[in-house]
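Following: one structure in structure tokens, then a few remarks.
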Amino acid sequence: MADTYTHKDLAVLCGVSETTIKSYRRKFPGFIPVLTRGKPIRFRPEAGEVCLKIRDCFAKGLSVNETHKILKEHFKEEPSARQRRASAPASAAPAPTGTTAGVSEEYLERFFTTAGQMMQGMAGLATAQAKAEQRLRRVESALEKLLEVEAENRALFARFLDRPAPQGSAAQAAEPAPEFEPASEFAPEPEPRPEPRLRARRIVNVRGPEGDVASYALEQEAEAEPEDFPEGEHPSDAFLTTPIVIRNEHGEFLGVPGRLPLAGFIAILVRGADGTSVRWTRRDDAWIFTMTAPDNETHDLYFVSTTTPRGNLVVLLERLDVNNLRTSPQFLQEFFRQVKDKA
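See the structure below:
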């Protein structure tokens with residue numbers, strides 16, 4: 001039956017889907033008469049022209065009622081369908097439903113194109129989120145390493161600041177002083193004992209802002225050779241009584257509450273450091289305070305005189321070397337903080 005059409009034939013003829021052809025039948029049943037109701041359903045030859053006209057009307061944006069009027073002008077409507085249409089309530093076929101069901105193929109293509117672009121955007125967003133998670137994991141790993149380094153620095157500070165006295169010195173301090181009896185003329189001469197190491201004591205008086213006076217005693221072990229600690233190799237009293245500060249990573253000056261002078265800062269350092277030799281040396285504009293532990297571990301603190309933006313004269317702790325190696329600014333700030341906490 002070459003002169004009849006099926007749903008598929010009409011869809012190919014109009015360039016639309018079979019679902020669209022079925023929607024044409026529901027909207028305009030009187031213009032698309034059925035020839036046979038077997039499977040597949042077949043339509044009369046004039047059904048092809050009717051479907052083409054319906055497609056063109058919907059492509060122009062016409063409503064179902066407007067399209068029905070045009071079909072009545074060009075084609076014959078079956079009476080039974082016309083009667084059913086007249087008896088149906090006005091609300092049975094709302095315009096929005098007809099307009100939605102009569103969407104053109106071009107509109108559907110644009111819809112699927114837009115949907116595909118949205119899916120691609122979602123895939124790109126998922127990829128970006130995965131990369132962000134990878135970067136976050138790297139940052140977390142770096143923070144963990146930083147915390148480990150900070151813990152090591154704190155352990156080093158604790159070992160330096162809270163160094164116990166050598167066992168030999170503690171044992172000597174615990175022993176009572178021996179009592180010497182007068183030696184008879186026949187008693188053998190005792191072996192000469194090594195002379196105790198002398199300490200150079202320097203008393204510094206610091207006058208506070210309210211008139212109170214504080215004294216600090218700076219003791220230094222005398223070196224074996226005089227040339228290692230030349231006479232007069234000390235900062236002036238004015239330098240020692242100047243408040244001490246440090247500079248943070250923003251370039252700001254940070255001091256100690258109560259304007260702790262340099263002499264007080266040095267007194268905190270040497271407090272309880274038995275067996276540790278200290279000395280002052282001058283290099284260019286800096287005074288270097290060197291502490292040498294019994295195990296030959298050295299700490300060199302560099303102090304320079306400077307002026308704050310407000311015009312206050314201060315002593316800046318600008319550098320710390322441990323075993324002749326310069327430490328980082330973060331290490332220096334943590335060192336200063338721990339000494340300040342002991343003030």
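Numbering-wise (full-length UniProt numbering), the sequence shown opens with residue 1 and increments by one. C-beta atoms are modelled at their ideal positions from N, C-alpha and C, and glycine is treated no differently.
Need the endpoints of the beta strand (DSSP E) that Arg319 sits in, please. Note, Arg319: beta strand (DSSP E), 313-322.
Arg25 - DSSP class collapsed to helix/strand/coil: Here Arg25 sits in helix by DSSP.
So Thr241 and Pro261 are in contact, right, with Cβ under 8 Å, and what is the actual spacing, rounded? So it is a contact: roughly 5 Å between Cβ atoms.
Please report how far the alpha carbon of Gln220 lies from the alpha carbon of Val245, in whole angstroms. Only weak support exists for where Gln220 lies, its pLDDT of 47 falling under 50; the coordinates are left without a value.
Count the C-beta pairs between the region 4-16 and the region 51-65 that are closer than 8 Å, then say yes if the count reaches three, no if not. Cβ pair count under 8 Å is three or more, so yes.
Any idea which residues DSSP pairs Met291 with across the strands? According to DSSP, Met291 bridges with Val278, His299.
When we look at the beta-carbon of Tyr24 and count the other beta-carbons within 10 Å, is it buried (16 or more) or exposed? By the C-beta density criterion, Tyr24 is buried, having at least 16 other C-beta atoms within 10 angstroms.
How do the region 292-311 and the region 321-330 stand: do at least 3 beta-carbon pairs fall below 8 Å, yes or no? Output reads yes: the region 321-330 touches the region 292-311.
By the 10 Å Cβ neighbour count, where 16 or more other Cβ atoms means buried, how is Pro45 classified, buried or exposed? Exposed.
Contact check, Gly30 vs Glu66 under 8 Å by CB: the rounded distance? Contact between Gly30 and Glu66 is absent: CB atoms are separated by about 16 Å, not below the 8 Å threshold.
Please report the distance separating the alpha-carbon of Met119 from that of Glu106. One Cα belongs to Met119, the other to Glu106, and the distance between them is close to 20 Å.
Separation of Leu125 from Asp56, as counted between CA atoms: Using only the alpha carbons, I get a separation of about 41 Å.
Among Thr290, Glu334, Asp284, whose alpha-carbon lies nearest the alpha-carbon of Glu249? The shortest CA-to-CA distance from Glu249 to any of Thr290, Glu334, Asp284 is the one to Glu334.
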